[in-house]
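Chains V and Z are the protein sequences, given in the same order.
Each residue of the first sequence is one higher than the one before, counting from 63 in my numbering.
Each residue of the second sequence is one higher than the one before, counting from -11 in my numbering.
All residues carry an ideal CB built from backbone N, CA and C; glycine is no exception.
What follows is one structure encoded as structure tokens, with my remarks underneath.
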Amino acid sequence: MTDVADRVKDILAEECEADRAALSDDARLEDVGISSVDMVQVMFAIEEEFGISIGENDMSLDIETVGEVTAAIQRLVAAAG
Amino acid sequence: MRRVAITGLGAVSSLGHDVQSLIEGTREGRSGVALTTLPNAELLSARYVAEVKNWDGAATLGKKKLNLADRFSQFAVAAAQQAVADAGDISGERTAVIVGTGVGGATTIEEAYDRVWRDGQQRVHPFSIPRLMANGPPSLISMEFGITGPGFAISSACSSSNHSIGMAFGMIRRGEVDVAVAGGAEASITFAGLKGWEALRVIAPDVCRPFSRDRRGMILGDGAGIVLLEDMDRARARGATIHAELAGFGMSSDAMDMVQPSMAGAARAIAQALASAGMNPEDIGYINAHGTGTPANDPTETKAIRHVFGAAADKLLVSSTKAMHGHGLGAAGALELVATIGALQSGIIPPTINFTEADPECDLDYVPNVARERRIAAAVSNSFAFGGLNAVLAIRAV
């Protein structure tokens, strides 16, 4: 599962041109320069990477921290088994 | 009415990613035409195209903005960066941004269809919608440079650039804005797009030979051309380099046919451009023709030029640079305006390449195959679109 979290952080860094080292779990997306529009692109890349589908209720666009993103994706990947 | 200076130029074409490669390439008779790089080219009969080569969109926009920009918008932003850097100055809210396109985000649409219908995928790229919008270029350019005046896209197929530049010209002339970023962009060389052109039977199997008796059609191109227009007094006051004066603009509709050109419609647009510039036929030294190389366009355009210029037509030099940079559709007029400005500045008229044999129906001096040295004081650039919408620009040396 830490593997999933690391890959999600790689995608955040890649898609948003964010500093990978700054993406700690408690880092706020806003503070590392990731906007809600960036997250649309991130969710697309995550869906492609993990072969999952992120529904309306799985992760809201007003999510605040990096840790909340990775936790949501870990849940979805686990559920997809 | 105010006069309008052209103080900035930008171009991305099959001849290269800058203005110099377009002006020098067309002067030297270089061809940007090659076999398409698209997969499954062997399934196309229209497989020779003038594509922009080795394009790196991320270098122009950065990765984040690239996500929001179709290929045609990437070309437009790159050309606008060149034009604004060349001019050296724009003015936020007193500046307009008007950029035309014939098709819009063709690559984005085709990629989405491929995913959904061919690959059975359940999702398309999340920015497919903002990418495919025809107003991608004016929107992205306004953000790039903080332009807060009027912004919009114009679509009139092959006349989109000239209509956009002509609209901007009018707005500056009337004092509605002081500066405008104007031009056109196109990137519609996709597999399905080429199949559409193929079915219309207007594409040459190998090369484009405008005005030549054995011409067999056009060669599709892509790219973007952008010019920076400015109130002449403002340009002079700030000591800007003025490439040329945009002196006149004429437009007309054929009200006749979706694909067949009309002599009368073309002639009206040319005559109006001259009248708008306050110029007589004998003032014009060079016409950058629409010159698509189709059987129908070239004799019709020739007759239209003869109709407007009368006896002065025999002194004119007329060439089509489309044989070199391809038919850029919505980008065509702006790319050709840049080439025409190059001719006005250097006194070297670009040739019509691939010319083999005179056609009795095309009886003007088309500068066959080799550039001609001639100092000219003024020039005209023609665009006549499918759908019968015509737009003609006239420029003057300063």
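List the residues of chain V whose Cβ lies closer than 9 Å to the Cβ of residue i, in chain order.
i, result
"Arg111 of chain Z", "Phe106, Glu109, Glu110 and Ser115"
Quick one: what does DSSP say residue i is sitting in, helix, strand or coil?
i, result
"Asn391 of chain Z", "Here chain Z has residues from -11 to 386 only, and residue 391 of chain Z is not among them."
"His315 of chain Z", "strand"
"Met239 of chain Z", "strand"
"Arg189 of chain Z", "coil"
"Asn378 of chain Z", "strand"
"Asn342 of chain Z", "coil"
"Ser250 of chain Z", "coil"
"Asn268 of chain Z", "coil"
"Asn285 of chain Z", "helix"
"Pro356 of chain Z", "strand"
"Asp219 of chain Z", "strand"
"Asp6 of chain Z", "coil"
"Val131 of chain V", "helix"
"Ser116 of chain Z", "helix"
"Met121 of chain V", "coil"
"Glu132 of chain Z", "helix"
"Gly172 of chain Z", "strand"
"Leu304 of chain Z", "coil"
"Cys196 of chain Z", "coil"
"Arg106 of chain Z", "helix"
"Asp65 of chain V", "helix"
"Gly80 of chain Z", "helix"
"Glu233 of chain Z", "strand"
"Arg256 of chain Z", "helix"
"Asn387 of chain Z", "Given that chain Z is displayed from residue -11 to residue 386, the structure contains no residue 387 of chain Z and the question cannot be resolved."
"Gly184 of chain Z", "helix"
Among residues of its own chain, excluding the 5 on either side of residue i, which ones have a beta-carbon nearer than 8 Å to its beta-carbon?
i, result
"Asn285 of chain Z", "Pro249, His278, Gly279 and Phe372"
"Glu16 of chain Z", "Ala359"
"Gly335 of chain Z", "Glu361, Arg362, Arg363 and Ile364"
"Thr282 of chain Z", "Val190, Arg203, Gly205 and Met206"
"Asp72 of chain V", "Arg82"
"Gly304 of chain Z", "In the sequence under discussion, the amino acid at residue 304 of chain Z is Leu, which differs from the Gly named in the question. Correct list, in chain order: Ile272, Gly273, Tyr274, Ile275, Ile293, Phe297, Leu352 and Asp353."
"Ala223 of chain Z", "Ala(-7), Thr(-5) and Ile230"
Between the options, which has its C-alpha nearest residue i's C-alpha?
i, options, result
"Asn268 of chain Z", "Z:Asp245, Z:Ile230, Z:Ala299 and Z:Glu289", "Z:Ala299"
"Ala122 of chain Z", "Z:Ala145, Z:Gly17, Z:Gly134 and Z:Asp202", "Z:Ala145"
"Glu99 of chain Z", "Z:Val112, Z:Gly90 and Z:Gly108", "Z:Val112"
"Ala107 of chain V", "Z:Asn55, Z:Lys41 and Z:Val37", "Z:Asn55"
"Gln103 of chain V", "Z:Phe133, Z:Pro27 and Z:Phe115", "Z:Phe115"
"Val(-8) of chain Z", "Z:Pro125, Z:Gln109, Z:Phe63 and Z:Met155", "Z:Met155"
"Asn357 of chain Z", "Z:Arg226, Z:Val306, Z:Leu128 and Z:Thr96", "Z:Val306"
"Ala22 of chain Z", "Z:Ala259, Z:Gln333, Z:Tyr354 and Z:Tyr36", "Z:Tyr36"
"Ile129 of chain Z", "Z:Ala168, Z:Ala382, Z:Tyr101 and Z:Ala331", "Z:Ala168"
"Leu216 of chain Z", "Z:Asn378, Z:Phe133 and Z:Ala254", "Z:Phe133"
"Thr290 of chain Z", "Z:Leu352, Z:Arg103, Z:Ala223 and Z:Val40", "Z:Leu352"
"Asn276 of chain Z", "Z:Ala311, Z:Ile97, Z:Asn370 and Z:Ile258", "Z:Asn370"
"Phe63 of chain Z", "Z:Gly124, Z:Leu26, Z:Ile11 and Z:Thr25", "Z:Gly124"
"Thr309 of chain Z", "Z:Arg103, Z:His295, Z:Leu188 and Z:Thr328", "Z:Thr328"
"Ile97 of chain Z", "Z:Gly213, Z:Gly20 and Z:Phe60", "Z:Phe60"
"Leu91 of chain V", "V:Arg69, V:Gly129, V:Glu109 and V:Ile135", "V:Gly129"
"Gln333 of chain Z", "Z:Met312, Z:Arg197, Z:His151 and Z:Arg384", "Z:Arg384"
"Ile142 of chain Z", "Z:Met131, Z:Pro126 and Z:Phe157", "Z:Pro126"
Can you pull the chain V neighbours of residue i, defined as C-beta to C-beta under 7 Å?
i, result
"Asn55 of chain Z", "Gln103"
Which chain Z residues sit within Cβ distance under 9 Å of residue i?
i, result
"Glu79 of chain V", "Gly50, Lys51 and Lys52"
Give the interface partners of residue i over in chain Z, defined as CB-CB distance under 8 Å, in chain order.
i, result
"Asp100 of chain V", "Lys52"
Just to make sure I have the definition right: I need the residues of chain V whose C-beta is within less than 8 Å of the C-beta of residue i. Which are they?
i, result
"Pro114 of chain Z", "Val102, Gln103, Met105 and Phe106"
Would you say residue i lies against chain B (beta-carbon separation less than 8 Å)?
i, result
"Val190 of chain Z", "In the structure shown, chain B cannot be found, because the protein chains are V and Z."
Between which residues of its own chain and residue i is the CB-CB distance below 6 Å, once the five residues before and five after are set aside?
i, result
"Asp219 of chain Z", "Arg(-10), Ile160 and Asp166"
"Ala66 of chain Z", "Val0 and Thr48"
"Ile192 of chain Z", "Residue identity differs from the one stated: residue 192 of chain Z is Ala in this sequence, not Ile. The answer, listed in chain order, is Arg204, Gly205 and Ile207."
"Gly316 of chain Z", "Glu174, Gly209, Gly211 and Leu323"
"Cys350 of chain Z", "Phe199, Asp286, Pro287 and Thr290"
"Asp74 of chain Z", "Gly(-4) and Leu(-3)"
Enumerate in chain order the residues of its own chain whose CB-to-CB distance from residue i is below 7 Å, with the five nearest sequence positions on each side excluded.
i, result
"Ala243 of chain Z", "Gly376"
"Ala84 of chain V", "Val94"
"Ala261 of chain Z", "Gly236, Phe237, Gly238, Val368, Val380, Leu381 and Ala382"
"Leu138 of chain V", "Ile114, Ile116 and Asp120"
"Gly163 of chain Z", "Arg(-10)"
"Glu270 of chain Z", "Ala300"
"Ala71 of chain Z", "Gly(-4), Leu(-3), Gly(-2), Val169, Ile214, Val215 and Leu216"
"Ala89 of chain V", "Thr127 and Val128"
Exercise. Taking contact to mean at least 3 C-beta pairs separated by less than 8 Å, is the region 154 to 173 of chain Z in contact with the region 319 to 334 of chain Z?
Worked result: yes
Problem set entry | Segment contact, 8 Å Cβ cut-off, at least three pairs: the region 73 to 91 of chain V with the region 50 to 59 of chain Z | yes
For this session: Count the C-beta pairs between the region 28 to 36 of chain Z and the region 110 to 121 of chain V that are closer than 8 Å, then say yes if the count reaches three, no if not.
Result: no
Problem set entry | Three or more C-beta pairs below 8 Å linking the region 253 to 266 of chain Z and the region 227 to 239 of chain Z | yes
For this session: Report yes or no: do three or more beta-carbon pairs, one from the region 197 to 214 of chain Z and one from the region 324 to 342 of chain Z, lie closer than 8 Å?
Result: yes
For this session: Would you check if the region 77 to 92 of chain Z and the region 129 to 142 of chain Z touch, i.e. whether three or more CB-CB distances between them fall below 8 Å?
Result: yes
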